[in-house]
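The structure under discussion appears below in the form of structure tokens.
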Amino acid sequence: MSTFVALLASGLAAGAIAALAAVGFLITYKATGVVNFAQGDLITLGAYIGIWVTQKEGMFGIGALDLVPGYVVTVLIMFLIGMVLERLAYAPLRGRSIHVIVITTLGAALVLRAFIGLWQGTTPKYLDSPLKGEVLTIAGANIAYQRVLIIVATAIIVIATMVLFARTQFGRQLRATAVDRDTAKLCGVPVNMLSMLAFGLSSALAGVAGVLLAPLGVVDLTLGFNFMLLGFAAAVLGGFGSIGGVVVGGLAIGLVQYVFGGYVLRDFNSMYPFILMLAVIALRPQGLFTRGSVQRL
Amino acid sequence: MRLKRSVSALLAVGVVAGATAVTAGSAAAGGGGGTPVKIILLAETTGESTAAVPYYDNGTKMAAEELGSQVELTRIPAPLTPAAAETALSQALDEKPDVIIGFPASSQTIALSQRIVDSGVPFFSLSSGEQLVKDGPNGGANIFLIRPVDTNVATKEAEYVVNDLKAKKIGLLCVDNATGVNGCAAAKKVIDKKKGVEIVAERTNSTTATDLTEQATAMEGADAILDFNFPNPIGVFANQLIDNGIDVPHVDGASAGIAVNSGAVTGDAAVNLRGVDDCVPTVSKSSKVKKWVADYESEFGSTPAPNYSTAQSYDTVKLIAAAAKKAKSTAPAKLIKAIAAIDYKGICADYKADDLNVLQHTADLTRWNADAQIKVAKVFTFAPNELPGVVPETPPTTTPTTTAVAPPPSS
Amino acid sequence: MTVETTPPTTSTGTPVAAPPRPSVRPPAMRGQPYVWLGLFVVGVGLYRQFGVTGLGDQDLINTWLYYCVIVVGFYLVFGVSGQFAFSQGAFAAVGGYTSAWATRIGLMGIDSFWWGLVVAIVITGLLAVTFSLLMRRASHFYFAIATLGLSEIILVVLRRWTEFTDSSGDTTVGIRDPSFFGFTFNTPYREFWLWLGALGIVLLVTIFVARSPLQREAIAGRDQDVVASTLGVPTLRVRVVMFVLGSVIAGIAGAIFVHAKGFATPDQFGIDLGLGIFVMLILGGIDSRWGPIVGAAFYVFVPQWLQGGVLGIPGIEFTVDAFGQQHRLGDFRDIFFGSLLVITMIAFPVGLVGVGRLLKSVSLDRVHPANRTWLSDLFGITPRKHAPEPAPPSPSDVGAQVGDTDPGSAPTLEAERPAVLVAEGIGVAFGGVRAVDGVSLSVLEHEILGLVGPNGSGKTTFLNALTGVVPATGSVQVRGRPVGLGAPGRVRRLGVVRTYQAPQTYEHLSCLEDVLLSTPDRDRTGLASACLVRPAVNRHERARWDAAEHALRRVGLGDLAEEPTSRLSYGQRRLLELARAIHAEPGILLLDEPSAGLDASETEQLAGHLRALQGEGVSMLLVDHKLDFITGLCTRVAVLELGQLVAVGPAASVFEDQRVVDAYLGVDDGDLD
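Protein chains in written order, with the numbering used here: chain A, 1 to 297; chain B, 1001 to 1411; chain C, 2001 to 2673.
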């Protein structure tokens, strides 16, 4: 039983990170119609920036920050980086076909990863957390507080994002742009600024995912990529439509990998999320949580 | 008196002539009549793989600088994938080197072993898979292993757990590549032989795993954990063991040091952890080693600190120069003979080739305190020609010669 | 449909053959691709024989050829067929490991290399076809993500399934050398010839595909697949065939690769290869079969050159001090390629081959038909000559008499003519809006039925429902046979063809190929025919080209047959769509506002064409806004308003119906002060 609870917590935590990645995708997708293939490397970058800011001489030599302020600064830096990415890799291509833009984000991902490799080297590094070593005991299972933090933080962020989308001007404008960009422009929605903000927000979410995830293990160049793939799977399950949907998708992904995969054919557990994803694409391509049938777009 | 003066003059001339002859002789012996030994290093310094580290580059460079015109050193980047590594090997062979030092990852060397053997060039392997020993499926007379054989190290680790820690219930974790597979196979051989010792749980993980909860919880009840893994999973696993209350020694291999150096493993997790480094120059008590460390750090800085890879690379270049000097030639056959016969005392270890072409026969068991400071807990010594024989049958790529070692493996 | 003209005779009365009209053909049939391919193979072979020394360069050339094969496969999947797939590397892995396994265990008693190759082809093909069919409903994005997922699954399986891969650690070694009939390819030199042969065959297949209907159908499916389905193109089959073809090519490359090397690791086929394949194709040029060759050469040789000489070209030897470490230029490889990808997408998405074509066309003062004109337009280079105005159709091209048939004097009474198309209770709902609400309409034989109504009344949606473009309720019968709704292309099989409100022409095809998409003769259009029975394919093709050219001449576009459709004006594209409809030899034509955007004389010409078609027995449903156009052509008119059928009857009386007047002009509620 305690094993089950432990695996449940692992699954929820992994699913939460996948959900964060998926929400990041969703925001960019809704604002620009583009799926940002650089999202995984942005997660990695977030972890590395966290290290840079909180260790040794800190950012540009101003001294190492404490952990929590360091996290906040990291997220802000990631927000700025997202906006820069939008200017460099997306804005020049506005109006081109989706293929072109997606390939460009792929190129951006390559550049990002190579840059991190050159900047920080490839020896593994570590981002500390104030909760390191603390465990929560539930039903006989010891769950690292960091995982609990991941679950709680994701829940808060998701709710905040939902409120953002539903209740604020920004959210309304974003939804309008998602439905019809040109009409939104005609209605006075500042679509270019919106794209920048969307990329920035999405990148900030990647930064959050990075600093939440990093303390669990060692930070290296492949940290974010795997979670990006899981984020894709989560977004597919949720139908790239609603935040709630992708969050549930993320949880399903995490649970199938760690809970199901903790008991059945353990060696292959990392492929279960993708099998689930392929099943959903084959049987219900519009996702499990969107209504209506799909037109092959 | 005149005779005495002539005799002294003759003696003086004789001494001078003799000294000149000696110095001329030794100068000539500095690599086949004065020509430098051409060494090529095949290793990558940037890129995504964990093998892309500066240790080999810096170590060899430092030695080359000290040796001056005795050696000529170049580096060709060798990407991790064997096919790209093969191109690097081809480019190296184009340069007609006298010696090649190469391939931090055993997968590269094993995959290319046929070509390396066929080339006949002396090849110092930076990785030490059991397959690469002289009469192993991927070994050859010209391939020398700088490091102790990996399965020997794994065997010693298992013996340490069983004999020194006196564990009766062992948890076994293996990463899903050569390191893990071979290591666990060697460990199981030791454990099977010992009565009253059982394996509580045996698990595997991928090199990029970030959550080893299932593996950690499965090991409940173990007295010791034996782990053959990569740095990232070690960082995760060491902490998850503590989280789950499994507060027992956690014995790992060379990657443990990398995990600790990254900062991921501190406190109880660090105290429980053991690693195996071929040597630890930074805590050595020998004045020769201390001086070497100081020289290194003044040239290359102290981050990252020089480790066994650095020291071994340095030693290898110097060993090669010494062998060339002895052989008075850089011809491959003569060099190989000289290397096989040499007894060289280096920074990291004393190197002497056994019949399996293994050069180093010691390794250090390392431990850390709660502040992640390292110390050497025990020195493993390997008898020459010792081999546990865990490598699975692969079709031999070299014509096998009869040998008195390595009984057919049964895994 | 040709009218015979009396052949001229000489003074002695013997007939002199009329000078043959130069036959029109798709641009792919022009040029000498076989010659170029031969030259390429010979050239590379000679260079290798005499120009390459050094083991490093030998290895690099073999690596280059390996990438060429894989990326040519990807060109077929992505460049031609538009399927965004990350699975190419994974299929190479499947091919490689399957072949290694089959030869290792001596599957079915045979352990030779060619058998391993066959097994690899079969397994890869099965996997590809299963995947493609399972994912057939996925949009571009989802398909791309699905291929990512497939790659991950395949890699996990290969890493863990050690009984299959026989790997120690993660390396499989001891894979036998490739050999054919006793000849073993066990040196880099021999392997080079094996690779060159494989590449030659694969490029030959791309020529076969380009010179068969498959290419234009794949392009149509890529650019506008719903429209293509309504034209009768079997888009799903074409998509699957191209995906399987490209993936099998990857499998073959993988098989040769692992056997030539003698070893295999899963990392060899991981995401680095997947991204690299993308880079190579995009950089080289996504529109050409030579794009992969150029791109792979760039990808393989340029980084080597940056870090020190390759193929005899001395390299750049300097180091850069960055981030506290000394780096050689080659260490910046990933940044270089990533940035290059971004720059290529922004500045020259046609890739290096496209840039080459552009330079060639500048120097030769001629535009390659496959060139994207946006690029040449951007630099103000084309068009040097505008597409000529359509010549008025000459009498011999039009066929039956154009004459001024008075639509009122239909030869048979309405009641006696059978209904060729019966739509009953058609309903289309978008969310809560009922765009079409229970419309029942019949088109009688040989009639042109007009369908009018104010904007938003549901006319186009009705046509969309009939042709399966939107999901709909109700039933449709064509000549008494029921047709399912909801999937495009079903009515096409029964001879129902439509045109669109905005002309849906394919800008990457020539006019001839565009028209050919709707051909009624679908014999020998598949891949197997294209590769194996080319004479039969060519025979059918020549007949199709003639028919298509004839259709183009009818509408006056005959001289533009080999021009890309992107060079046509709006009015010309309308005519092209009409020609395409004519070529389909339809029984029933559904026309969606064909006169929109045409001026008075063009509209008159259009009316002439439609009357001619009616005279040939085609029945029509004509949706339009121009009321005099409608009344000039149609005996009966139906009126829709807000999705409902408001009136249907003779043209003369329908427009006096009060309900129709109200629908168009609004109800007068007396508030005009």
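For every residue, glycine included, the Cβ atom is placed at its ideal position computed from N, Cα and C. Bear in mind the structure is a predicted one, so any value in this text is a computation, not a measurement.
Return no unless some Cβ of chain A is closer than 9 Å to the Cβ of C/F2337. yes
Hey, C/W2115 and C/L2107: beta-carbon distance below 9 Å or not? yes
Could you tell me the alpha carbon to alpha carbon distance between B/Q1240 and A/A139, rounded to whole angstroms? 17 Å
With 9 Å set as the bound, which would you pick, yes or no: does the beta-carbon of A/L164 sit closer than that to a beta-carbon of chain B? no
Which residues in the same chain as C/G2045 place their Cβ atom closer than 8 Å to its Cβ, once the five residues preceding and following it in sequence are excluded? W2193 and L2196
Could you spell out the range, first to last residue, of the beta strand (DSSP E) harbouring A/S2? Element bounds for A/S2: not the beta strand (DSSP E) but the alpha helix (DSSP H), S2 to T32.
Whole-angstrom C-beta distance between C/Y2075 and C/G2291, which should lie under 8 Å: 6 Å
Distance, A/L80 Cα to A/A19 Cα: 22 Å
If we cut at 9 Å on Cβ distances, does C/Q2268 have a partner in chain B? yes
In the DSSP output, which residue or residues are listed as bridge partners for C/L2451? C/V2623 and C/A2638
Would you tell me roughly how many angstroms separate the C-alpha atoms of C/I2271 and A/A108, rounded to the nearest one? 15 Å
Chain A within 9 Å of B/D1271, Cβ atoms only: Note that residue 1271 of chain B is Val in the sequence shown, not Asp. So, not an interface residue.
Is there a Cβ from chain C that is less than 9 Å from the Cβ of A/L306? Since the first residue of chain A shown is 1 and the last is 297, residue 306 of chain A is not available in this structure.
Report buried or exposed for B/E1214, applying the criterion of at least 16 other Cβ atoms within 10 angstroms of its Cβ. buried
Count the C-beta pairs between the region 2223-2235 of chain C and the region 2157-2167 of chain C that are closer than 8 Å, then say yes if the count reaches three, no if not. no
Whole-angstrom distance between B/I1246 and B/I1342, CA atom to CA atom: 47 Å
Identify the contact partners of C/D2334 in chain A, using a Cβ-Cβ distance below 8 Å as the criterion. L110, V111, R113, A114 and G117
Within 8 Å, do at least three Cβ pairs link the region 1131-1140 of chain B to the region 1161-1168 of chain B? no
Residues near B/A1259 by beta carbon distance below 6 Å, same chain, minus five either side: P1231, I1234, G1235 and V1265
Could you tell me if C/Y2034 is buried or exposed, where buried requires 16 or more neighbouring beta carbons within 10 angstroms of its beta carbon? exposed
Going along the chain, which residues of the region 2462-2477 of chain C sit with their C-beta nearer than 7 Å to a C-beta in chain A? P2471
Considering only the alpha carbon of each residue, which of A/V280, A/A184, A/I150 and A/L276 lies closest to A/F260? A/L276
Specify, as a first and last residue, the run of the alpha helix (DSSP H) that A/P273 falls within. Y272 to L283
Which residue spans inside the region 1225-1250 of chain B form an unbroken alpha helix (DSSP H) run of at least 4? 1231-1243
Note the first and the last residue of the continuous alpha helix (DSSP H) segment covering B/D1371. Premise fails: B/D1371 is in no alpha helix (DSSP H) and is neither H nor E.
Compute the Euclidean distance between the alpha carbons of C/A2612 and C/L2134, then round it to the nearest angstrom. 45 Å
So if DSSP puts B/C1174 in a beta bridge, which residue, or which two residues, is it bridged to? B/T1204 and B/F1228
C/N2186: which of B/R1115, B/T1204, B/N1142 and B/L1145 sits nearest, CA to CA? B/R1115
According to DSSP, B/T1362 sits in a beta bridge with which residue or residues? B/T1381
Contact list for A/D220 against chain B, beta-carbon separation under 7 Å: N1232
Could you have a look at C/Y2506 and say whether DSSP puts it in helix, strand or coil? coil
B/K1375 burial status per 10 Å Cβ neighbour count (16 or more: buried): exposed
I'd like to know whether the C-beta atoms of C/A2584 and C/R2493 end up nearer to each other than 9 Å. no
So, does the CB of A/D267 fall closer than 9 Å to a CB anywhere in chain C? yes
What does A/V135 touch in chain B if you count any residue whose Cβ is under 7 Å from its own? D1243
With DSSP run on the structure shown, which of helix, strand or coil describes C/V2310? strand
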